Amino acid sequence: MDDMDQKCKSYRVPPSMSLTQGAEAADGESCRTSFGNFSADEYCPAVWDKVLCWPPTRRGSVSSLSCPYHLGLDTTRYVTKKCLETGRWEGKGLAGWTNYTPCYSTEMLHLYRKLFSGSSPKDAAEMKIEIAERTRSLEFVGFSVSLAALIVSLVIFSYFRVLKNNRTKIHKNLFVAMITQVVIRLTLYIDQAVIRSKNSRSHGIDNTPILCEAAYVLLEYARTAMFMWMFIEGLYLHNVVTVRVFQEKFHYRLYTGIGWGVPVAMTATWAAISASQMKTKCWWGYNFTIYFWILEGPRVAVILLNFLFLLNIIRVLVVKLRQSRTSEVEQARKAVRAAVVLLPLLGITNLVNMMEAPLDRQVWEFAAWSYTTHFLTSFQGLFVAVLYCFLNGEVRAAVKKSVYIYFLLRPGQFTPRRNSAFVSAACPQPPELPPETRV
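The sequence shown lines up with residues 1033 to 1471 when you count with this note's numbering.
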């Protein structure tokens, strides 16, 4: 038995498995009654280990059953349980200890080895699991706030005609990709919370074959589409600032093909390989496999390309501002201002999220990484909405004008003196007529 077995031995079942007390009692009783008529001194009795029902087993032999269908377990392998010469199951208590280690996928074993490393592995592991549960709550709040902000931004860009330009078309596609990802994540999180709640009998997405895999395929497609539209944001801004010919023609169909079509091909390739290679429930641990780089590789490339775009944009703008300060250059400078903050923020956020969790480090190090990563990831929709929409000068002017007109058209709400300055700004006066034309 290796170190992994020793460190996990206190868990008679895989730590990721959990059943309600009612389910345990019901399954345990049915397990015992199914072999109720069997009685022999040379056998270990039938026993329920909270996951599987073990039949009576001859003394000094090892019984084996197919690994259960559960997260991180390979159903093509076998779980074992040893009956000692004394007629008792190996381990503490009547149920003894079941060796689920052979069931774990390579990715799951790697995860648990890191989690249970250190001088006090069990205590540290439990603390890290508690931290992970708390960060799930943080994610839920962050994704909910991001979803609301993105929807409001999408409505604003779609409602006001003055905002319907090439740049906002790209913004809207990015928002749709982010909204899709957030909705899928929140759906999965809510489903998992319901399933794990006490006395819940719901089957859930995670426990439904095909539906579970399809949900994660859609999630990865939405994530890949988000990265592609981030790339298009950088590419379009780079072309507007540096390549003048692109200002005359907007290649929206090409951008749409890159933003939505390329992720289809990437995700379909990854899903086909995962379906043929992954044997765990709901492809658990797919993000630890080499196949996942079919998606992660292009995502990393997008982040790096956007950084290169940003550096060249800043270089060109600095040169143009030194040469002249025309309205065109000032307009480009204003367009770049949000990107200078947002592209590095999104790039750093997604790069950190791609890093492997430091499960083998100190608890405080894991906590710092976990809270920082999940905060940035879950709130990035809010960051995008604020910088691309809520703080945008054109958006604020359009909203102010709409609000003013709304109150102006309401009877009894118009105060000329109070609103005279706003009228001048929102509704420019006609040009002065020559004296000879005045009446």
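Beta carbons: idealized from backbone N, C-alpha and C, even for Gly. No experiment lies behind these values; they were computed from the predicted model shown.
Which residue wins for smallest C-alpha separation from Ile-1237, given the options Lys-1313, Trp-1325 and Phe-1398? Lys-1313
Indicate the three-state DSSP secondary structure (helix, strand or coil) for Asp-1155 in the structure shown. helix
Ordered list of alpha helix (DSSP H) runs contained in the region 1286-1316, each at least 4 residues: 1294-1309
Start and end of the beta strand (DSSP E) containing Val-1083? Where Val-1083 is concerned, there is no enclosing beta strand (DSSP E), given that its DSSP letter is neither H nor E.
Less than 8 Å between the beta carbons of Lys-1247 and Ala-1209, yes or no? Looking at the sequence provided, one finds Ala at residue 1247 rather than Lys. Not closer than 8 Å, so no.
DSSP has Thr-1130 in a bridge; who is on the other side? DSSP lists no partner for Thr-1130.
How many angstroms separate the CA atom of Thr-1405 from the CA atom of Lys-1124? 40 Å
For my contact list, Gln-1213 and Leu-1251 are in at a C-beta cut-off of 8 Å; report their separation, rounded to the angstrom. 6 Å
Taking C-beta to C-beta, are Leu-1337 and Phe-1263 nearer than 8 Å? yes
With distances taken from CA atoms, which of Ile-1227, Trp-1325 and Asp-1081 is nearest Cys-1063? Asp-1081
Between the C-alpha atoms of Asn-1239 and Val-1416, what's the straight-line distance to the nearest angstrom? 34 Å
Nearest candidate by alpha-carbon position, reference Ser-1149, set Phe-1175, His-1102, Arg-1393 and Leu-1342: Arg-1393
Taking Val-1094 as part of the beta strand (DSSP E), name the residues at either end of that continuous run. 1094-1098
What does DSSP give as the partner residues of Tyr-1110 in its beta bridges? Ser-1098
So the alpha helix (DSSP H) Met-1258 belongs to, where does it begin and stop? 1243-1274
Which of the three DSSP states, helix, strand or coil, is assigned to Arg-1199? helix
If contacts are defined as beta-carbon pairs under 8 Å, then Ser-1089 and Ser-1095 qualify, I think. What distance do you get, rounded to the angstrom? The sequence as given places Thr at residue 1089; Ser does not occur at that position. With 8 Å as the limit, Thr-1089 and Ser-1095 qualify as a contact, their Cβ atoms being about 4 Å apart.
With the cut-off set at 8 Å, would you say Leu-1414 and Ser-1178 are in Cβ contact? yes
Could you tell me how far apart the beta carbons of Thr-1299 and Leu-1327 are, in whole angstroms, since I believe they sit closer than 8 Å? 7 Å
From Val-1296 to Thr-1167, what distance separates their C-alpha atoms? 31 Å
Can you check whether the C-beta of Arg-1428 is within less than 8 Å of a C-beta belonging to chain D? In the structure shown, chain D cannot be found, because there is only a single protein chain.
Between the CA atoms of Ala-1254 and Val-1215 - distance to the nearest angstrom: 10 Å
8 Å contact criterion, which Lys-1113 and Asn-1131 should meet: CB distance rounded: 7 Å
Cα-Cα separation, His-1283 to Asn-1205: 14 Å
For Arg-1091, does the three-state DSSP call read helix, strand or coil? coil
Using 10 angstroms around the beta-carbon of Gly-1329, count the other beta-carbons present and answer buried if the total reaches 16, otherwise exposed. exposed
Can you check DSSP and say which residues form a bridge with Val-1435? DSSP, once it has assigned bridges, lists no residue as partnering Val-1435.
Cβ-based neighbour list, Met-1140, same chain, cut-off 8 Å, excluding 5 preceding and 5 following: Gly-1104, Leu-1105, Thr-1312, Trp-1316 and Gly-1317
Which whole-angstrom value is the C-beta distance of Val-1348 and Val-1272, which I expect to be below 8 Å? Incorrect: roughly 10 Å between the Cβ atoms, too far for contact.
Range of the contiguous alpha helix (DSSP H) that encloses Thr-1138: 1138-1147
If we ignore side chains and look at the alpha-carbon of each, how far apart do Asp-1037 and Thr-1133 end up? Confidence at Asp-1037 is low in this model, with a pLDDT of 39, below 50, so the placement of that residue is unreliable and no value is reported for it.
Endpoints, the alpha helix (DSSP H) within which Leu-1408 is located: 1395-1417
Status (buried if at least 16 other CB within 10 Å, exposed otherwise) for Tyr-1323: buried
Roughly how many whole angstroms lie between the Cα atoms of Glu-1397 and Asn-1319? 22 Å
With a threshold of 8 Å on Cβ separation, who are the neighbours of Leu-1218 within its own chain once the five nearest residues in sequence on each side are excluded? Phe-1172, Phe-1175, Ser-1176 and Leu-1179
Can you tell which of Arg-1428, Thr-1321, Phe-1339 and Val-1332 has the C-alpha that lies nearest to the C-alpha of Gly-1266? Phe-1339
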